[in-house]
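In this note's numbering, the protein residues as written are 378 to 772.
Using N, Cα and C, we set each Cβ at its ideal position, and we do this for glycine too.
So, in structure tokens, the structure goes:
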């Protein structure tokens, strides 16, 4: 019997958690043992100084192409999660129908649990196992959604949590009742997509389109414009590094990383060597950008769990250099560098990597087998089967 699994998304917008969960859903749906569907609480998102429409999102398009049924309610995802009282009666009926058809429900992060609490408050919540898939290492930045997670767990609405990192599981454990089923499934990536490219013509064409010389060192930050990601620290480190490396270029991509965003523009105005800083915004060619990078940087201040950009960059041959957040240090052990949150220290680490570029690249590429998503998808499959079996036995 094919298991029916429904994933709840707050919305479709740029972010590592959506990339990872969509990768899992597509992989499991293609396997045939499970039939997956997605219910999005919104049809558009206004986040990170960017308006993003669900049907334009690469994750949406990928799932649709894989045959995953997607239903979107009429809300707009914003900086704050949708409160249980904000859902219309029509939304509740559509959500109740979708949940009733599932054997297991997966909530992408804790924010969509507000919808399930609303269903229960109206006597419309079907009896179905619910797992929250958690992707932060600092749950206090989830706002009211952390309270919804706690309420759902304490009242039995939530069956289990699946965390993408040990740091995530440990952080959330402090806010959850003792005895709740908690699992950890470390992140993995598609190493067929994120792979080195020996085609010098293709790499040269991308560099030329960005105004980057063929032999110039490239440091890449793939992140949205958010205090959590601290793009200001990246630009401060770039200024220090650029003073010693007049040939280096610095690329920032992600939601809000454009001059159209006043907040980002103000940071750029203060940056030195701005002619070598390339702000690209949201990109659909991340795999190609990683291939021309020498370093994939992360300057986050808090909240990270197991950042995908570090794994994607490493699998493509770039060397990860990160601040010590979440499981970042653990995930790049043996193939990158961890730095304090200091621009001079970060710039020095970048220079150390460039000094031994060949050695670091070899280490990153040697780690590709352990970065693969195959193990991750298999572990999710087993976790979902376990939750469905629990429901069968309870019945």
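_Give me the residue from 718, 579 and 480 with the minimum Cα distance to residue 384._
480
_Segments assigned alpha helix (DSSP H), at least 4 residues, entirely inside the region 474-504_ = 490-498
*Report yes if the CB atom of residue 629 is closer than 8 Å to the CB atom of residue 583, and no otherwise.*
no
*For the region 702-713 against the region 538-551, are there 3 or more C-beta pairs whose distance is under 8 Å?*
yes
_In whole angstroms, give me the CA-to-CA distance for residue 463 and residue 514._
27 Å
*What did DSSP end up calling residue 756 once you bin it into helix, strand or coil?*
Residue 756 falls in the helix class under three-state DSSP.
*Buried versus exposed call for residue 411 [16 or more other C-beta atoms within 10 Å across all chains shown]*: Result: buried.
*Find the nearest neighbour of residue 394 within the set 600, 720 and 690, judged by alpha-carbon distance.*
Taking only the C-alpha atoms, the option nearest residue 394 is 600.
_Cutting at 6 Å between CB atoms, please list the residues of its own chain near residue 587, excluding the five before and the five after it._
655
*Where do the N-terminal and C-terminal ends of the alpha helix (DSSP H) with residue 730 fall, by residue?*
Annotation for residue 730: the continuous alpha helix (DSSP H) segment containing it runs 720-732.
*Would you call the CB atoms of residue 555 and residue 605 closer than 8 Å?*
no
*Please classify residue 576: is it buried, with 16 or more other beta-carbons within 10 angstroms of its beta-carbon, or exposed?*
exposed
*Look at residue 507 and residue 484 and say whether their C-beta atoms are less than 8 Å apart.*
yes
*Measure how close the beta-carbons of residue 642 and residue 616 come, nearest whole angstrom, since I'm counting them as under 8 Å.*
Actually they are not in contact, since the Cβ atoms of residue 642 and residue 616 sit about 16 Å apart, beyond 8 Å.
*CB residue 696 to CB residue 660, shorter than 8 Å?*
no
*Are the Cβ atoms of residue 750 and residue 566 separated by less than 8 Å?*
Their beta carbons are under 8 Å apart, which means residue 750 touches residue 566 by this criterion.
*asked:* Please tell me whether residue 496 and residue 473 are closer than 8 Å, where the distance is taken between their beta carbons.
replied: yes
*Report all residues from its chain with a CB closer than 7 Å to the CB of residue 595; omit the five preceding and five following residues, and keep chain order.*
589, 626, 628, 669, 670 and 671
*What residues in its chain sit with their C-beta under 7 Å from that of residue 456, if we drop five residues either side in the sequence?*
Once the five neighbours on either side are set aside, the close Cβ partners of residue 456 are 424.
*Measure the Cβ-Cβ separation of residue 720 and residue 610 and say whether it is below 8 Å.*
Yes.
_Beta-carbon gap between residue 493 and residue 450 smaller than 8 Å_ = no
*Measure the CB-CB distance between residue 416 and residue 685 and report whether it falls below 8 Å.*
no
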